[in-house]
Ligand code: ADP
Ligand code: MG
């Protein structure tokens, strides 16, 4: 008895040690772990081969090993492919170590099939839920085995069975903790890199915007001087348009600078209906250029609290993205209305290229862009502005069918 417990502890130590080595030396991400070429799979094979070639011998007929741990872990963190590959290797090993192949095949096939939905369930929860799921699932094994032992009347082996199952379960829980811990660390490191990059670039952008303001002011000054000269009517018009455009550029720059330090105290009541109209007007020529029709159905006298230029920027960014998603020929529908819950809904729908679920997940994180000259900042700015105004943006998209952006803002 003592001897078998000792060799069982050896197995536990072996499994924990290999996982620890894995954690220290190989930082594999989730997707990498799911491949059959992953280090994780290699590790599972090592555990499988070790535990099956050194089974814990309790009595003449009763042997125990940890192969179920390797199979369960293969499915949980490696997915279907790694799981079934481990299962194949288990059968091979069983063949060479003269185990009862038919019984193993039956038992483990059931285990594998049960593990498929369990894996899905497992990944839906946090660490505590995961431990609960795996404990409940694993306790099925000793319960079924215990019942069959009871029927045979092997009380003494029942005790061994239960104690060994407890040890296996503890090992499983320890491994789940180790791997979850590693995942968390990897995520934190990535997040850190992302925010660091974001910080540097937004500081740079702010300083560039600041530097551009000065030359623009002097250009504007000279234009004003030129306006006083004797000019033809056409020349006069060109200059006044140039000044207007310069003013607009300056306003946009001011807005970007303001984003760095938001000033909610300057919020005022805005007429949203006319703001939407103006934004559509601004984008009109860009749409025509790409043979895109913009249709609209906007309720009259919608009012919100915020900064007019900011909300205009949001609308222009989203409409511009929609036009770029369509590329040529298509329709953009813009509707705006009061919904029942005291919010105003603005929907901007296009029938462009759309996005996959993966792309949708990445949206809104800064610098994510699929365009050659894209900045990936447009939507980040939109999200930030809308959030500050107490609203939110939701996105629905289907690949090749189109995208729909919904902006919800509190009504005033
Ligand atoms: P940029 O336009 O500079 O690429 P954005 O933040 O505005 O940056 O957009 C990020 C990415 O989101 C785009 O590169 C594009 O892939 C995707 N996207 C945004 N709007 C749409 C849309 N209406 N249809 C399809 N993809 C879109
Ligand atoms: Mg954009």
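In the UniProt record's numbering, the protein residues as written are 1 to 412.
Cβ atoms here follow ideal geometry from the backbone N, Cα and C, with glycine treated the same way.
**Asked** Taking Cβ positions only, does residue 12 come closer than 8 angstroms to chain C?
**Response** Judged by its chain identifiers, the structure shown contains no chain C, having just a single protein chain.
**Prompt:** Beta carbon of residue 79, beta carbon of residue 44: below 8 angstroms?
**Reply:** no
**Message:** Please report the straight-line C-alpha distance between residue 295 and residue 249, rounded to a whole angstrom.
**Reply:** 27 angstroms
**Item:** Beta-ladder partner(s) of residue 84, from DSSP
**Value:** Residue 84 pairs with nothing; no bridge assigned.
**Request:** Determine the DSSP secondary structure at residue 368, reduced to helix, strand or coil.
**Result:** coil
**Asked** Going along the chain, which residues of its own chain have a beta-carbon closer than 7 angstroms to the beta-carbon of residue 122, five neighbours each way excluded?
**Response** 76, 130, 133 and 134
**Request:** Identify whether residue 404 lies in helix, strand or coil by the three-state DSSP scheme.
**Result:** strand
**Asked** Span of the beta strand (DSSP E) holding residue 392?
**Response** 392–398
**Asked** Starting from residue 125 and walking both ways along the beta strand (DSSP E), at which residues does that stretch end?
**Response** Residue 125 -> no beta strand (DSSP E), and no H or E assigned at all.
**Prompt:** Assuming residue 399 contacts residue 330 under a Cβ cut-off of 8 angstroms, what Cβ separation, rounded to an integer in Å, is found between them?
**Reply:** Their Cβ separation, rounded to whole angstroms, is 15 angstroms, which puts residue 399 and residue 330 out of contact at 8 angstroms.
**Prompt:** Is the region 275–289 close to the region 322–340, with three or more CB pairs under 8 angstroms?
**Reply:** yes
**Buried or exposed (CB count within 10 angstroms, at least 16 for buried), residue 153** = exposed
**Prompt:** Counting by C-beta, which residues lie closer than 7 angstroms to a heavy atom of ligand 2, in chain order?
**Reply:** 317, 320, 321, 324, 374, 378 and 379
**Message:** Between which residues of its own chain and residue 430 is the CB-CB distance below 8 angstroms, once the five residues before and five after are set aside?
**Reply:** With the chain represented from 1 up to 412, any question about residue 430 goes unanswered, as that position is not in the structure.
**Request:** Might you give, ordered along the chain, the residues of its own chain that have their beta carbon closer than 8 angstroms to the beta carbon of residue 104, omitting 5 neighbours on each side?
**Result:** 90, 91 and 94
**Message:** Under DSSP, the alpha helix (DSSP H) around residue 23 begins and ends at which residues?
**Reply:** 2–25
**Prompt:** Count the other CB atoms within 10 Å of the CB of residue 142; is the residue buried (16 or more) or exposed (fewer)?
**Reply:** buried
**Asked** Which same chain residues, not among the five before or five after residue 182, have their C-beta less than 7 angstroms away from its C-beta?
**Response** 23
**Request:** Determine the extent of the beta strand (DSSP E) in which residue 278 is found, giving its start and end residues.
**Result:** Careful: residue 278 lies outside any beta strand (DSSP E), inside the alpha helix (DSSP H) at 272–289.
**Message:** With distance defined between alpha-carbon atoms, name the residue in 357, 310 and 276 nearest to residue 335.
**Reply:** 276
**Item:** residue 350 CB to nearest heavy atom of ligand 1 below 7 angstroms
**Value:** yes
**Message:** Short of 8 angstroms in beta carbon distance, which residues of its chain neighbour residue 269, apart from the five on each side in sequence? Order them along the chain.
**Reply:** 303, 304, 305 and 412
**Prompt:** When the distance is taken between beta carbons, is residue 382 closer than 8 angstroms to residue 318?
**Reply:** yes
**Asked** Apart from the five residues just before and just after residue 333, which ones in its own chain have a Cβ nearer than 6 angstroms to its Cβ?
**Response** 295 and 349
**Request:** Inspect the CB distances between the region 111–126 and the region 158–172 and report whether three or more fall short of 8 angstroms.
**Result:** no
**Message:** If you follow the alpha helix (DSSP H) that residue 31 is in, where does it begin and where does it stop?
**Reply:** 30–33
**Prompt:** residue 53 lies in the beta strand (DSSP E); which residues open and close that run?
**Reply:** Not the beta strand (DSSP E): residue 53 falls in the alpha helix (DSSP H), residues 39–53.
**Asked** Going along the chain, which residues of its own chain have a beta-carbon closer than 6 angstroms to the beta-carbon of residue 342, five neighbours each way excluded?
**Response** 411
**Asked** From 221, 158, 243 and 254, pick the residue whose C-alpha is nearest to that of residue 210; which is it?
**Response** 254
**Prompt:** If we count the other Cβ atoms within 10 Å of its Cβ and call it buried at 16 or more, is residue 313 buried or exposed?
**Reply:** buried
**Request:** With a threshold of 16 other CB atoms inside 10 Å of the CB of residue 9, please say whether the residue is buried or exposed.
**Result:** exposed
**Message:** Quick check: does the Cβ of residue 201 come within less than 7 angstroms of any heavy atom belonging to ligand 1?
**Reply:** no
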